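**Q** Please read through the structure below; I'll follow up with questions.
Residue numbers (this note's numbering), protein chains in the order written: chain A, 1 to 200; chain B, 201 to 400.
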């Protein structure tokens, strides 16, 4: 039996921190691992910015709640869930996902979580599992599945490598060149036509 | 972070083979592991009965498709999915689940599968993972979750034991006595009030 393991941001929904930066008009929140490769450093910076601006989790959730799936993402995802054991593995935080899940019809999302104080300020974050995306593929294989993993960026590569089939979804040109071993698709239609071959 | 791992039949939907037996008016299909404790023997018997009666997977799917969730199951499950990483671990077969999933809004169900020939006759079955329910709890723990497992019968006990919290849902009186270490609940309201304490 085949399982499908998907990345969330940029594959099914927009990048959450980019949306927050735009809506809150805080340019510093636009920084990504491209600018600050050390994820812990990046997250500390983001949380500092939130505190400096007196922003609570509820303020962020109000914005995140309104994020719409990418065009075509919902019907694509519905189709995948009808045909495969489907999970999403993401570096995002459960407190964001909690208000966003409804938009995608509550698929299973393995993600991290924030540490929030009584007033609602985010004081830290908790990585549920180191290399969580890779671990998700390992867990699915342990459970007897063959795995198709789909992602778009460098933090998905370990997951794609561990899977039986790795697919890049709309990757930057540079990545496409760097990882010729993975099929690369530019839309849901192409992706679906690949997946169709694995329906048992 | 807490994950919830649920049994499917008798917890969220009726026992599928019982429904099939009733609708097809084939008494032999009523047999369960209570009468034939060896699961492989039981399944071979069931598949023999299906072949003898010239029944194809499509005939069964027509019936399974119409199975309704137990009273209150859907709203209970929706609530669990909003608040926890939620998975279902079942001994049922993907070919049944495929037509039934919609009724429960497609939660993730780890289950087994049939071997079906070109004409649609079920020639065998494939256990995806031995002790699959126990393995699901192990996989969730590997992924960094604390686990609440919920089941109603003997084949759920290994899963309940492996979990951080094990709960029996409407178990037979005998089981309740035999496993006093597990909380026992008799409806979704009670179950929800226990789960509420674990929402982070």
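For glycine and all other residues, C-beta sits at the position ideal for the given N, C-alpha and C. Computed from a predicted model, the values in this text were never measured in an experiment.
Just list the alpha helix (DSSP H) runs in the region 246 to 298 of chain B, keeping only unbroken ones of 4 residues or longer that don't cross its boundaries, in chain order.
**A** Correct list: 257 to 264, 273 to 283.
**Q** Taking residue 185 of chain A as part of the beta strand (DSSP E), name the residues at either end of that continuous run.
**A** The residue you call residue 185 of chain A lines up with position 185 of the first chain. 183 to 185 is the span of the beta strand (DSSP E), which, as asked, contains residue 185 of chain A.
**Q** What are the start and end residues of the alpha helix (DSSP H) that includes residue 342 of chain B?
**A** Translated into positions along the second chain, residue 342 of chain B becomes position 142. Taken as a continuous stretch (DSSP letters only), the alpha helix (DSSP H) holding residue 342 of chain B covers 332 to 342.
**Q** Using the beta-carbon count (16 or more within 10 Å), is residue 201 of chain A buried or exposed?
**A** Past the edges of chain A, shown from 1 to 200, lies residue 201 of chain A, and the structure says nothing about it.
**Q** So with CB distances below 9 Å, who are the chain A contacts of residue 359 of chain B?
**A** Position 159 of the second chain holds residue 359 of chain B. Under the 9 Å cutoff, chain A gives no residues; its nearest Cβ is about 13 Å from residue 359 of chain B.
**Q** Can you give the Cα-Cα distance for residue 347 of chain B and residue 238 of chain B, rounded to whole angstroms?
**A** Here residue 347 of chain B corresponds to residue number 147 of the second chain, with the count starting at 1. Here residue 238 of chain B corresponds to residue number 38 of the second chain, with the count starting at 1. In a straight line, the C-alpha of residue 347 of chain B is about 28 Å away from that of residue 238 of chain B.
**Q** Can you tell me where the alpha helix (DSSP H) with residue 188 of chain A in it begins and where it stops?
**A** As a working mapping, residue 188 of chain A is identified with position 188 in the first chain. Where residue 188 of chain A is concerned, the enclosing alpha helix (DSSP H) stretches over 188 to 195.
**Q** Since residue 367 of chain B contacts residue 392 of chain B with CB under 8 Å, what's their CB separation in whole angstroms?
**A** Your numbering for residue 367 of chain B matches position 167 in the second chain. Your numbering for residue 392 of chain B matches position 192 in the second chain. At roughly 11 Å, the Cβ-Cβ gap does not stay under 8 Å, so residue 367 of chain B and residue 392 of chain B are not in contact.
**Q** Between the region 61 to 87 of chain A and chain B, which residues of the former have a C-beta closer than 9 Å to a C-beta of the latter?
**A** Those residues of the region 61 to 87 of chain A that come within reach of chain B (Cβ to Cβ, closer than 9 Å) are 78, 81, 82, 83, 85, 86, 87.
**Q** Tell me where the beta strand (DSSP E) around residue 360 of chain B begins and ends.
**A** By one-based count along the second chain, residue 360 of chain B stands at place 160. Taken as a continuous stretch (DSSP letters only), residue 360 of chain B belongs to no beta strand (DSSP E), being part of the alpha helix (DSSP H) at 357 to 362.
**Q** Reducing DSSP to helix, strand and coil, say where residue 42 of chain A ends up.
**A** Residue numbering aside, residue 42 of chain A sits at position 42 when the first chain is read from its first letter. Of the three classes helix, strand and coil, the one that applies to residue 42 of chain A here is helix, per DSSP.
**Q** Note the first and the last residue of the continuous alpha helix (DSSP H) segment covering residue 216 of chain B.
**A** Taking the second chain and counting its residues from 1, the one referred to as residue 216 of chain B is at position 16. Element bounds for residue 216 of chain B: 216 to 224.
**Q** Can you find a C-beta in chain A that's less than 8 Å from the C-beta of residue 329 of chain B?
**A** Taking the second chain and counting its residues from 1, the one referred to as residue 329 of chain B is at position 129. True, the Cβ-Cβ gap to chain A drops below 8 Å.
**Q** When the Cα of residue 371 of chain B is compared with those of B:398, B:359, B:385, which residue comes out closest?
**A** To locate residue 371 of chain B, count along the second chain from 1; it is residue 171. Answer by Cα proximity: B:385.
**Q** Please compile the residues from chain A whose C-beta is within a distance smaller than 7 Å of the C-beta of residue 351 of chain B.
**A** Reading the second chain from its first residue, position 151 is the one you call residue 351 of chain B. Here the premise fails: no neighbours, minimum Cβ distance about 17 Å.
**Q** What residue range is occupied by the uninterrupted beta strand (DSSP E) comprising residue 184 of chain B?
**A** Within the shown structure, residues of chain B are numbered from 201 to 400, placing residue 184 of chain B beyond reach of any answer.
**Q** Quick check: the Cα distance between residue 49 of chain A and residue 282 of chain B, rounded to an integer number of angstroms?
**A** Residue mapping note: residue 49 of chain A aligns to position 49 of the first chain, counting from 1. Residue mapping note: residue 282 of chain B aligns to position 82 of the second chain, counting from 1. The alpha-carbon atoms of residue 49 of chain A and residue 282 of chain B are separated by roughly 29 Å.
**Q** Any beta carbon of chain B sitting closer than 8 Å to that of residue 94 of chain A?
**A** Walking along the first chain from the start, residue 94 of chain A turns up at place 94. Yes, contact with chain B.
**Q** Using only alpha-carbon positions, find the residue among A:155, A:30, A:160 that is nearest to residue 130 of chain A.
**A** On the first chain, residue 130 of chain A is found 130 positions in, with the first residue counted as 1. Per the Cα distances, A:155.
**Q** Using a Cβ-Cβ cut-off of 8 Å, state whether residue 43 of chain A counts as contacting chain B.
**A** Residue numbering aside, residue 43 of chain A sits at position 43 when the first chain is read from its first letter. Taking Cβ atoms only, chain B never reaches closer than 8 Å to residue 43 of chain A, which makes this a no.
**Q** Based on the DSSP secondary-structure assignment, which residues constitute the bridge partners of residue 369 of chain B?
**A** As a position in the second chain, residue 369 of chain B is number 169, starting the count at 1. Paired residue(s): B:385.
**Q** Quick one: list the residues of chain A neighbouring residue 305 of chain B, beta-carbon separation under 8 Å, in chain order.
**A** Translated into the one-based positions of the second chain, residue 305 of chain B becomes position 105. Near residue 305 of chain B (Cβ distances below 8 Å), the residues of chain A are 105, 106.
**Q** For residue 124 of chain A, does the three-state DSSP call read helix, strand or coil?
**A** Numbered from its first residue, the first chain carries residue 124 of chain A at position 124. Correct three-state label for residue 124 of chain A: strand.
**Q** How would you call residue 252 of chain B, buried or exposed, if buried means at least 16 neighbouring beta carbons within 10 angstroms?
**A** Translated into the one-based positions of the second chain, residue 252 of chain B becomes position 52. Flag for residue 252 of chain B reads exposed.
**Q** Under a CB-based cut-off of 8 Å, is residue 113 of chain A close to chain B?
**A** Position 113 of the first chain, counting from 1, holds the residue named residue 113 of chain A. Answer yes: the Cβ-Cβ gap between residue 113 of chain A and chain B drops below 8 Å somewhere.
**Q** So, does the CB of residue 238 of chain A fall closer than 8 Å to a CB anywhere in chain B?
**A** As displayed, chain A neither begins before 1 nor continues past 200, which places residue 238 of chain A out of reach and without an answer.
**Q** Within 10 angstroms of its Cβ, does residue 289 of chain B collect 16 or more other Cβ (buried), or is it exposed?
**A** Here residue 289 of chain B refers to the residue found at position 89 when the second chain is read from its first residue. It is buried - the Cβ of residue 289 of chain B has at least 16 other Cβ atoms within 10 Å.
**Q** Report the option in B:280, B:287, B:277, B:221 whose CA atom is closest to the CA atom of residue 255 of chain B.
**A** Position 55 of the second chain, counted from the first residue, corresponds to residue 255 of chain B. It is B:221.
**Q** Note down the Cα distance separating residue 233 of chain B from residue 242 of chain B, rounded to an integer number of angstroms.
**A** Residue mapping note: residue 233 of chain B aligns to position 33 of the second chain, counting from 1. Residue mapping note: residue 242 of chain B aligns to position 42 of the second chain, counting from 1. About 7 Å.
**Q** Below 8 Å CB to CB, which residues in the same chain sit around residue 178 of chain A once its five sequence neighbours on both sides are set aside?
**A** Within the first chain, the letter at position 178 stands for residue 178 of chain A. Nothing listed; no residue qualifies.
**Q** The beta strand (DSSP E) that contains residue 146 of chain A, what's its start and end?
**A** Residue mapping note: residue 146 of chain A aligns to position 146 of the first chain, counting from 1. 146 to 151 is the extent of the beta strand (DSSP E) around residue 146 of chain A.
**Q** When DSSP builds the beta bridges, which residues end up paired with residue 8 of chain A?
**A** Your numbering for residue 8 of chain A matches position 8 in the first chain. Its beta-bridge partners do not exist; DSSP assigns none.
**Q** Distance, Cα to Cα, residue 18 of chain A vs residue 31 of chain A?
**A** The residue you call residue 18 of chain A lines up with position 18 of the first chain. The residue you call residue 31 of chain A lines up with position 31 of the first chain. C-alpha separation (whole angstroms): 8 Å.
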